[in-house]
Every structure is written in C-alpha cells, then in structure tokens.
Amino acid sequence: MLPGGLAAQTPAFAFDSVIARARALSQQGFQPGPQAPDNLRQLGFDAYRDLRFRRDRALLDEEGSRYRLQMFHLGFLYTRPVSVSIVRDGVAQPITYRSDLFDLGRNKFDPPLPETLGFAGFRLHYPLNQPKLFDELISFLGASYFRLLGRGQRYGLSARGLAIDTAVSSGEEFPSFREFWIVPPAPGGEQIMIYALLDSPSVTGAYAFALYPGEASQLTVQVTLFARKPIRKLGLAPLSSMFFYGENQSRPATDYRPKVHDSDGLLIHTGAGEWIWRPLRNPNGLAVSAFLDNNMRGFGLVQRDRAFDHYQDLDLRYEARPTYWIEPVGAWGEGHVELIEIPTPDETNDNISAFWVPRSELKVGEPISFAYRLRALMSVSNVDVDHPGGRVVNTFSKRLLSHEAAEHNDPTVRRFLIDFAGGELAYFMRAPGEVEVMPSAPSGQILRKFVIANPDIAGIRAVFDFKAPPNSTTDLRAYLRAGDKTLSETWIYPWRQDG
Numbered sequence: 187m188l189p190g191g192l193a194a195q196t197p198a199f200a201f202d203s204v205i206a207r208a209r210a211l212s213q214q215g216f217q218p219g220p221q222a223p224d225n226l227r228q229l230g231f232d233a234y235r236d237l238r239f240r241r242d243r244a245l246l247d248e249e250g251s252r253y254r255l256q257m258f259h260l261g262f263l264y265t266r267p268v269s270v271s272i273v274r275d276g277v278a279q280p281i282t283y284r285s286d287l288f289d290l291g292r293n294k295f296d297p298p299l300p301e302t303l304g305f306a307g308f309r310l311h312y313p314l315n316q317p318k319l320f321d322e323l324i325s326f327l328g329a330s331y332f333r334l335l336g337r338g339q340r341y342g343l344s345a346r347g348l349a350i351d352t353a354v355s356s357g358e359e360f361p362s363f364r365e366f367w368i369v370p371p372a373p374g375g376e377q378i379m380i381y382a383l384l385d386s387p388s389v390t391g392a393y394a395f396a397l398y399p400g401e402a403s404q405l406t407v408q409v410t411l412f413a414r415k416p417i418r419k420l421g422l423a424p425l426s427s428m429f430f431y432g433e434n435q436s437r438p439a440t441d442y443r444p445k446v447h448d449s450d451g452l453l454i455h456t457g458a459g460e461w462i463w464r465p466l467r468n469p470n471g472l473a474v475s476a477f478l479d480n481n482m483r484g485f486g487l488v489q490r491d492r493a494f495d496h497y498q499d500l501d502l503r504y505e506a507r508p509t510y511w512i513e514p515v516g517a518w519g520e521g522h523v524e525l526i527e528i529p530t531p532d533e534t535n536d537n538i539s540a541f542w543v544p545r546s547e548l549k550v551g552e553p554i555s556f557a558y559r560l561r562a563l564m565s566v567s568n569v570d571v572d573h574p575g576g577r578v579v580n581t582f583s584k585r586l587l588s589h590e591a592a593e594h595n596d597p598t599v600r601r602f603l604i605d606f607a608g609g610e611l612a613y614f615m616r617a618p619g620e621v622e623v624m625p626s627a628p629s630g631q632i633l634r635k636f637v638i639a640n641p642d643i644a645g646i647r648a649v650f651d652f653k654a655p656p657n658s659t660t661d662l663r664a665y666l667r668a669g670d671k672t673l674s675e676t677w678i679y680p681w682r683q684d685g
C-alpha cells in the first residue's frame with residue numbers, strides 16, 4: 187500500500203512500454219539468454235513435428251472472439267525461448283508453459299521436460315477461408331521470421347523483422363523477437379494487435395503489428411530501432427523466398443515439374459513512378475543487385491504464375507504461394523532495394539532475399555522510426571498496386587538457329603524472348619506493328635529487335651538479339667511502347683556472357 191492507503195497500480199500496457207524496453211536494453215550488453223535442454227535441441231525435423239499444440243487448449247477462445255492462439259514447442263532449430271503475454275484491460279498476463287498443452291506424439295523424454303520451459307513462438311488461427319473453420323493466419327517462429335496468409339493461399343515465402351549484414355563477408359547477424367504481447371480485438375472487432383521486442387548484438391527494436399485478415403490479409407508495422415553499435419548494412423522490411431528453377435533456367439533432368447519456386451520475380455514501384463520487374467534466378471554464385479531509389483513506393487517478392495500445370499505439384503501447390511507486397515507509410519528517403527540470390531541445389535533452402543537499405547546509417551544514440559504495410563496477395567493487381575500496363579509473364583533465352591540469323595554460329599550472341607500481357611496489350615495484339623520493344627544495355631550490342639502477337643496470353647512477345655563481349659556482365663532492360671506511350675513495366679535482367 188502507498189501512503190494514505192492508496193493501492194499501487196501497474197501502468198497500462200502500451201507501445202511506448204515496448205519502446206522503453208528496447209531503449210533500456212540497447213544501453214546494456216547483449217545477453218543471448220537461455221537455450222532449450224539438450225534433448226529438445228537434438229530433435230530431428232520429424233520428431234519436432236510430433237510436438238503439437240492441443241487444439242482444445244487454444245487461447246483467445248472467449249465468447250465472440252474469431253481468433254485462436256496456439257503455441258510452438260521448443261526444439262530442433264528453435265532453441266531460444268520467447269515469452270508471450272495476452273493483454274487484457276491494459277494488463278499483460280504471461281502465458282505459462284505446461285507440458286499438457288502439447289501432444290508429444292512418439293517422443294519420450296527422460297528426464298521429463300521441466301515445467302519452466304518457454305515457447306518457441308506462436309500462431310493465430312482465424313476463419314479465413316470458411317466461416318466455421320479456423321485456418322492458420324499468421325505465425326512467428328524462429329529469429330524474427332513471420333509468415334502471413336490471405337484467403338486461398340499456402341505458406342511459401344517469409345517476412346522478417348530486420349536484416350543485418352546479409353551477404354556481407356563478415357557474416358550475417360540474425361536478430362530475434364524475444365518477447366510478444368497480443369491484444370485481442372474489441373468485441374465485434376476484426377483487427378488484432380501484436381507487439382514484439384527485438385534483440386541482437388547490434389540492435390534492439392520495438393514492433394507493433396496491426397493485423398487485419400481477409401482475401402489480401404494486411405499487417406501495418408510500426409518500428410523503432412536502437413543501435414548498440416554501428417551496423418554495416420541494415421535491411422528494412424526484409425523478405426525471404428525460394429527460387430529453384432523456372433522457365434528462364436533449365437529444369438533438372440531428374441525432376442518432372444516444369445517450375446519450382448515460391449516467388450518468380452521482384453517487383454518495384456519507384457519513387458518516380460516506374461514499375462520494374464526483375465525475374466528471379468538460381469545463380470551459379472552469390473549475386474547481389476541494388477536498385478537505387480528515392481522515396482520508393484513499394485516492392486515485393488511476387489508469385490505471378492498461378493497455373494497449376496506450370497508446376498504440377500499436388501502436394502506443395504506452388505501456384506497458391508502468396509505474394510508479399512511492402513508499401514512504405516511515409517517517406518523513406520534515399521536508399522536502394524537490394525536483391526540477393528544464392529545458389530541452391532534443391533528447393534529446401536530459402537535462397538532469395540529482398541529488403542530496403544536506407545542511405546542514412548542507424549547511429550548509436552540516434553533511434554529511427556518507420557512504418558510500412560505488408561499484404562499477402564494472390565495478385566498485386568487485386569489491390570490496385572500493380573502496373574496499369576503490360577506485365578512480364580515469361581522470360582526466355584536461347585541460342586540462335588541457322589534460319590534465324592547469320593550470327594547463329596556466334597557463341598556471344600543470345601536471343602531473349604519476353605512475354606508481356608495486361609493493360610492495353612490485348613488491344614494492340616491486333617496490330618502488333620504499332621508496338622515497339624525498347625531494349626538497352628550499358629555494354630554490348632543490340633543486333634535486332636521485333637515483336638510478335640501472342641494470342642495464348644492475349645499479349646505481345648518481345649524479341650531481341652544481344653551480343654556481349656566474352657567474360658562480360660551487364661544488365662539488360664526492355665519495355666514496350668506505342669509512339670510516345672509506354673505500354674509496359676520495365677524488364678531488367680542480369681546477363682553474364684561466358685568466354
């Protein structure tokens with residue numbers, strides 16, 4: 187009791203509380219925290235999947251709530267416990283680990299698991315696809331990774347809270363969310379709030395996620411970061427995906443599937459209003475591409491191809507993998523969108539990363555705050571963020587044949603074929619002579635160019651032949667126009683001409 191007989195009151199939880207925690211933590215040395223016991227860290231993938239949260243123990247199931255909360259067990263790759271609290275009436279109530287919350291499957295633990303364990307993460311369920319069926323909507327599991335679904339989607343790519351020194355020779359640092367607070371929606375409401383505290387050797391951060399589910403589920407993310415020490419490369423709103431092969435690369439002889447990827451391109455809406463499409467690749471070596479911009483309007487890793495017969499995978503359903511579109515809230519200033527492509531021998535690795543790198547550095551003692559929207563989409567055009575004109579749907583390249591050109595014996599000449607569809611291209615398909623492809627490259631030579639009507643896509647196939655010096659690299663660009671009118675987004679593709 188306080189003097190005068192007044193009871194002490196716990197301050198009401200608010201985002202400012204998380205910011206204060208992050209600020210105070212940044213002024214202390216980094217402490218990695220406890221790890222799961224050995225018997226959990228040694229679990230294999232299949233054994234870990236046997237640790238299932240019991241559905242009848244789901245939280246947030248009070249009357250009127252359309253959300254269900256389930257926890258992930260520690261084990262396998264997920265060895266650092268996180269704390270999760272539910273905030274009611276401004277008071278944060280931590281969720282306590284109990285072994286009876288989980289079905290351990292075939293796992294036998296000797297000695298028994300301690301009741302002091304935390305959790306690896308959590309997921310929220312919601313009647314996303316049917317009014318009376320609770321589907322997984324969002325999950326937070328491992329480091330600062332999270333995944334979000336919209337209606338009719340299957341999990342594919344991931345988002346992250348922050349990227350630090352990705353593809354830097356000194357090695358990447360992986361920040362982690364260490365604490366979460368979940369604020370259920372008001373009675374009859376749909377939006378749920380998730381707050382998170384991020385920590386790493388270099389930075390701390392406070393995150394607020396406003397989640398609204400639907401056909402294109404949306405997160406509005408507010409972030410405040412505090413540096414513990416200088417950071418060489420800071421990646422905001424990072425996305426991670428997988429690209430094994432597509433129509434622009436050869437299919438392995440041992441695989442029956444025409445394509446295998448979670449995303450097939452990087453789409454950027456620049457501050458100047460240009461739309462850039464960069465097809466993804468599985469490169470022979472690490473590849474880093476930077477797209478300089480000022481006040482970028484949006485970017486995303488996109489799964490454009492939605493035809494099942496282009497994948498033929500009944501189990502993994504790559505055609506249903508979502509697109510994640512990032513849209514800044516407010517001006518982000520100067521910087522660049524960075525795309526990282528890493529060689530992968532199979533589809534089990536996330537080998538693609540994309541994020542925004544601000545030109546200004548995050549300095550110790552000078553926190554930065556920013557916000558953005560993340561949307562999980564089947565098509566970026568269904569929320570009016572896509573290019574209004576023609577969009578790239580296929581990218582091909584080939585050696586010239588003898589009947590195609592005199593340079594057919596020249597190994598330094600390559601033919602590129604790009605299919606554009608959408609916008610006014612169905613109209614111009616009836617008069618393709620009105621359309622011109624505009625290819626360019628900083629080095630090398632465009633030998634010839636032409637377009638062909640492509641009725642299978644109700645669009646235009648643009649073709650050009652490119653000659654490059656041996657052992658050279660360049661970035662090819664191309665778009666369609668009719669007179670002075672631009673008809674399509676800009677296609678950009680890196681090319682290496684081997685000697």
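Converting from the sequence shown to this note's numbering requires adding 186 to each position, the first position being numbered 1.
Glycine included, each C-beta is placed from N, C-alpha and C at the ideal position.
Ranked by how close their Cα comes to the Cα of F606, the residues K549, R647, H311 and R483 have R647 in first place. Burial check for A222: the Cβ neighbour count within 10 Å reaches 16 or more, so the residue is buried.
Counting only residues of its own chain and dropping the five nearest sequence neighbours on each side, A506 has a CB closer than 7 Å to the CB of G338, Q339 and R340. In the three-state DSSP reduction, F216 falls in the coil class, being neither helix nor strand. Sorting V270, R600, R483 and F477 by C-alpha distance to the C-alpha of W367 places V270 at the top. Ranked by Cα distance from P444, the options G451, L453, L452 and E433 are led by E433. The alpha-carbon of V268 is positioned some 14 Å away from that of Q217. Taken in chain order, the complete beta strand (DSSP E) segments of 3 residues or longer contained in the region 289-374 are 307-316, 319-327, 331-334, 344-346 and 362-369. Per DSSP, N480 is one residue of the beta strand (DSSP E) stretching across A473 to N480. For L327 against V204, the beta-carbon gap comes to about 20 Å, at or over 8 Å, which does not count as contact. Fully enclosed beta strand (DSSP E) runs of no fewer than 3 residues occupy 404-413, 420-427, 429-431, 451-455 and 461-465 of the region 397-473, in order along the chain.
By the Cβ-count criterion, Y264 is buried, with 16 or more other Cβ atoms from all chains shown falling within 10 Å of its own Cβ. When C-alpha distances from Y665 are compared across L425, R577, S212 and D651, the shortest belongs to R577. Note on D479: 16 or more other CB atoms within 10 angstroms of its CB, so buried under the neighbour-count rule. In the DSSP secondary-structure assignment, P280 is bridged to S271. For R333, same chain residues with a beta-carbon under 6 Å away, outside a window of 5 residues either side, are S325, Y341 and S344 in chain order. Taking a contact to require three or more Cβ pairs closer than 8 Å, the region 630-640 and the region 650-657 qualify as touching.
DSSP places N225 in no beta strand (DSSP E) but in the uninterrupted alpha helix (DSSP H) bounded by D224 to R227. The beta carbon of T660 sits closer than 7 Å to the beta carbons of A627, P628, S629, G630, A654 and W681 from its chain, once the five residues preceding and following it are set aside; these are given in chain order. Between L348 and the set W677, S388 and D441, the nearest pair of CA atoms involves S388. Residue pairing from DSSP places M379 in a beta bridge opposite V369 and A396. The beta carbons of I512 and A639 sit about 35 Å from each other, so the pair does not count as a contact at 8 Å. Annotation for Y665: no alpha helix (DSSP H) segment contains it, and DSSP assigns it neither H nor E.
Scanning S285, V273, S212 and A644 for the CA closest to the CA of P370 turns up V273. Rounded to whole angstroms, the gap between the alpha carbons of S555 and G307 is 25 Å. In terms of Cα proximity to D491, the closest of I643, F231, L299 and A517 is I643. A check of alpha carbon separations from L466 across M428, F485 and R503 identifies M428 as the nearest. Nearest neighbour of R545 by Cα position, chosen from K415, L245 and A476, turns out to be A476.
Distances from the alpha-carbon of P298 to those of R309, L310, R284 and H311 put R284 closest. Across the set L673, G215 and P529, the C-alpha of G215 shows the shortest separation from the C-alpha of S386.
E358 sits exposed, since fewer than 16 C-beta atoms from the chains shown fall within 10 Å of its C-beta. In the three-state reduction of the DSSP assignment, D651 falls in the strand class, which pools E and B.
Of the candidates H496, V621 and L255, the residue whose Cα lies closest to the Cα of L310 is L255. Spatial neighbours of P469 in its own chain (CB-CB distance under 8 Å, excluding positions within 5 residues in sequence) are listed in chain order as E527, I528 and P529. Considered as a whole, the region 562-621 harbours 577-584 and 599-607 as its complete beta strand (DSSP E) runs of no fewer than 3 residues, in chain order.
In this structure, DSSP gives E505 a helical state, which the three-state scheme calls helix.
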